[in-house]
Each structure stands twice: as C-alpha cells, then as structure tokens.
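K.L.:
Its first residue numbered 1, the sequence shown is counted upward by one per residue in full-length UniProt numbering.
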Amino acid sequence: MINLKINGRPVQVEKGTTILQAASKIGVEIPTFCNDPRLKPDGACRICTVEVEGSIKLPTACTTPAEEGMSIWTESSSVVEARKEILQLLLSKHPMDCLTCGKSGMCQLQALCYKYEVKEPAYTAPTSSYPIDESNPFYYSEADKCISCGKCVRVCNELQNTNAISMVERGASTKVSPPFGMPLAESECVSCGNCVSVCPVGALMPKAKEKFRYWETKAVTTTCSYCGVGCQMDLLVKDNKVVEVQPAMGPSNQGLLCVKGKFAYNFVNHPDRLKTPLVRKNGKLQEATWEEAFEVVANKIKETKNQYGPDAIAAFSSARALNEENYLMTKLMRAVIGTNNVDHCARL
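1. Quick check: residue 258 and residue 199, are their CB atoms within less than 8 Å of each other?
2. Helix, strand or coil for residue 28 per DSSP?
3. Among the residues of its own chain, which have a CB less than 8 Å from the CB of residue 9, if the five just before and after it don't count?
4. How big is the Cα-Cα spacing for residue 331 and residue 342?
5. List the whole-angstrom C-beta distance separating residue 167 from residue 155, where the pair is believed to meet the contact cut-off of C-beta under 8 Å.
6. Check the C-beta distance from residue 201 over to residue 103 and give it rounded, since I have them as a contact under 8 Å.
7. How many angstroms separate the CA atom of residue 118 from the CA atom of residue 81?
8. Could one say the Cβ of residue 114 lies closer than 8 Å to chain C's Cβ atoms, at least one of them?
9. Measuring alpha carbon to alpha carbon, tell me which of 37, 207, 164 ends up nearest residue 190.
10. Among 36, 52, 72, which residue has its Cα nearest to the Cα of residue 7?
11. What would DSSP say about residue 51, mapped onto helix, strand or coil?
12. Return the CA-CA distance between residue 322 and residue 69, expressed in angstroms with no decimal places.
13. State buried or exposed for residue 261, treating a residue as buried only when at least 16 other CB atoms are found within 10 Å of its CB.
14. Give the straight-line distance between the Cα atoms of residue 37 and residue 158, rounded to the nearest whole angstrom.
15. Quick one: grab the DSSP three-state call for residue 134.
16. The beta strand (DSSP E) that contains residue 223, what's its start and end?
17. Let me know the secondary structure DSSP gives residue 18 once reduced to three states.
18. Would you check if the distance between the CB atom of residue 50 and the CB atom of residue 11 is smaller than 8 Å?
19. Would the beta-carbon of residue 60 fall within 8 Å of that of residue 46?
20. Considering only residues of the same chain and omitting the five flanking positions on each side of residue 147, which have a CB-CB separation below 8 Å?
21. Identify, in the order they occur along the chain, each residue of the same chain with its Cβ nearer than 6 Å to the Cβ of residue 304, setting aside the five sequence neighbours on each side.
22. Any chance the CB of residue 55 is under 7 Å from a heavy atom of the ligand GDP?
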C-alpha cells in the first residue's frame with residue numbers, strides 16, 4: 001500500500017492507483033473532461049492538473065500514479081491559474097451561446113468556467129466554421145463546440161468498437177468527424193449514441209422532441225425493456241414525460257446503450273399506447289379489467305385443450321420480458337398445458 005497526502009489529508013491506496021483515483025477515494029473532486037473510468041487515461045484535456053510538492057511541473061491527475069510520501073494540492077494558486085488558462089484557451093474557439101445552447105445546465109465547460117470565474121477567452125482563434133451535421137436521425141454534431149477532449153472518439157472506438165468517428169484537422173481547426181469529412185449518415189455509425197452520452201459540451205446532442213432544460217428534469221433509473229440483456233438507464237423526466245435517456249453504469253451494460261435504449265423511448269408517452277387490456281366483444285376490441293382478460297384467456301385455453309388437445313395450443317414469448325418470465329412461460333406451456341409449442345417472438 002502507498003501512503004500520501006491530498007490537500008493535507010492522508011490517504012492510503014494500492015500501488016498503481018492514479019492521483020485522480022486517490023482523490024476520489026476521500027471525496028476530493030478534481031475536474032476532468034476526457035477521463036472515463038472505462039478507458040485508459042491519456043490526459044488529453046489537462047484540466048485535471050494538480051500540484052505535487054517538490055515538482056516544478058503540474059502533472060495531470062488522471063495519468064500520474066500515486067507515489068509513497070507524495071503531498072498533492074488540487075486547488076493551489078498555481079493549479080487554479082493553470083486551469084483558468086486552459087479554460088480561456090478552450091473558450092477561444094468555442095461559441096459563447098450558453099443562453100440558447102441545449103447543453104446548458106449539463107455542460108462541464110460551463111460549470112468549470114463558473115467555478116473559476118472565467119468569463120472570456122484568452123484570444124480569438126482563427127478557426128474554421130463548420131456546418132451542423134444533422135444527417136443522423138437521432139442526434140446532431142456541432143463541430144464548432146468541440147473542445148477536442150477525444151472522449152467520444154475513444155468510446156466509439158474502444159468500447160463500442162464501431163470506429164465511426166475520429167479527430168480530424170489540426171490546431172484550432174481540430175474537430176470530431178467521420179473519415180474523409182463524410183456526413184454521419186454515410187459513416188459506419190450505428191446510432192448507439194454512446195458518443196453523445198459522454199460529450200462534456202454541446203458538440204454532440206440528441207434531437208430532442210420536447211424543449212427542456214436539464215435542471216427541469218429528474219432522473220429515474222430503470223431497466224431497458226427492449227431485450228433481455230438488462231441494460232440500466234436513467235430516464236430524464238419533465239412534466240411526467242420522458243424527454244431523454246442517459247445510460248447508467250449497470251453490471252450488464254457498463255454505461256453503454258444501443259440505439260433502441262438510447263433513442264427509442266417515445267412509445268412511453270405515445271397516445272396510441274395501450275394502458276388497459278382489450279377484449280373482443282361483438283367483433284370489436286373493448287377495454288376490460290385484468291381480471292376479465294385473464295378469465296377470457298384461461299377459458300379459451302381450457303376449451304381448446306379439452307376439444308383439440310394440448311398440441312392445438314402454442315405460445316410466443318417476448319425478448320422484452322425478463323429471462324425469469326420467459327422461463328415461466330415455458331413452464332406454463334410444458335407443465336400446465338402439456339405441449340412443447342412455445343417459441344420466441346423473433347420468429348413470430
């Protein structure tokens with residue numbers, strides 16, 4: 001074990017632990033744009049700069065391993081000054097449209113500029129103005145807002161393994177884009193939206209159907225209903241409507257979602273969604289209670305089995321149900337009804 005101090009507080013960590021991880025262990029927050037616990041840190045954004053006593057450099061906390069006897073300061077005057085300079089440089093090529101930006105309230109750049117009282121850029125960088133890429137049906141890319149942290153690229157390439165986007169151009173003109181400047185719709189993108197979920201600013205944003213501010217929403221953690229994997233997700237809800245989905249760090253999805261889990265949530269509030277069982281009466285489907293619906297199903301099964309035998313009955317189960325529920329369906333068909341005619345909705 002390694003013993004060190006962070007802001008005067010002692011902490012003991014295992015060998016190989018980074019300064020960022022050690023600080024997190026005792027609740028000391030160090031800002032970061034590019035860091036993701038699922039990825040090997042590379043210190044691209046440098047906003048996690050800290051001061052190590054006895055060192056003339058200000059290392060990045062995410063890439064620097066903790067060492068025995070270290071004394072680290074996360075908010076010293078030199079650290080604060082360095083972070084201010086980094087933020088001013090980022091603002092030099094970033095649009096100052098926070099009042100109308102959809103990311104307002106969730107933008108990490110905005111939050112850190114507020115914390116360190118950075119109100120204007122260091123200078124105005126000679127940048128290229130890129131058109132907004134709205135070719136993807138689920139999200140859009142506004143390259144002018146990109147801060148070149150590279151997190152979206154690494155998540156796409158290393159976690160999603162799609163390799164649809166990369167960092168292109170050089171200097172102040174650097175941006176995230178598919179190869180050869182092609183639009184997103186023509187790239188290898190599978191619309192999973194994992195790049196959108198990790199973007200710290202408004203460079204990658206979902207195409208919201210409802211107008212909202214993030215501080216108007218509340219997060220409701222739930223399980224995705226589209227398949228049996230059990231991905232965890234946070235539904236962002238405003239006025240009892242789901243307005244966006246964020247992946248949660250569940251054991252089966254580790255903070256990732258597919259296109260269905262991320263973007264296909266409009267069925268929740270769709271006006272055509274069934275809210276009660278329907279039973280056919282006089283040739284027309286009419287609303288009924290669950291008790292009435294269960295009675296109809298049970299009676300039809302009994303009648304059919306008595307008249308034609310158990311093999312006249314078949315059941316299709318659902319990929320959107322839990323594994324345990326699908327198991328119960330097979331038990332119902334085989335043990336109760338007495339037939340092996342049970343299949344999956346994928347072959348319906």
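Ideal Cβ positions, reconstructed from N, Cα and C, are used throughout, including at glycine.
P.N.:
Here's the rundown:
1. With respect to the 8 Å criterion, residue 258 and residue 199 are not classified as neighbours on the basis of their beta carbons.
2. In the structure shown, residue 28 sits in coil (DSSP, three-state: anything other than H, G, I, E or B).
3. Closer than 8 Å at Cβ, skipping near neighbours: 26, 28.
4. Take the alpha-carbon of residue 331 and the one of residue 342: they are about 10 Å apart.
5. Cβ atoms of residue 167 and residue 155 stay farther apart than 8 Å, at about 13 Å.
6. So it is a contact: roughly 6 Å between Cβ atoms.
7. Distance between the alpha carbons of residue 118 and residue 81: 11 Å.
8. Among the protein chains of the structure shown there is no chain C, as only one such chain exists.
9. Nearest Cα to residue 190 within the set 37, 207, 164: 164.
10. In this structure, 72 is the residue among 36, 52, 72 with its C-alpha nearest to the C-alpha of residue 7.
11. Of the three classes helix, strand and coil, the one that applies to residue 51 here is strand, per DSSP.
12. Approximately 51 Å between the Cα atoms of the pair.
13. So residue 261 counts as buried.
14. Cα to Cα, residue 37 sits roughly 13 Å from residue 158.
15. Coil, per DSSP.
16. Residues 218-223.
17. Reduced to three states, the DSSP call for residue 18 is strand.
18. No; because the gap between Cβ atoms is not below 8 Å, this pair is not in contact.
19. Contact flag set, yes.
20. Taken in chain order, the residues that qualify are 33, 45, 90, 94, 109, 200, 201, 203.
21. Counting only Cβ-Cβ distances below 6 Å, and skipping sequence neighbours, we find 312, 313.
22. Absence of the ligand GDP from the depicted structure is noted, as is the absence of any ligand whatsoever, leaving it without description.
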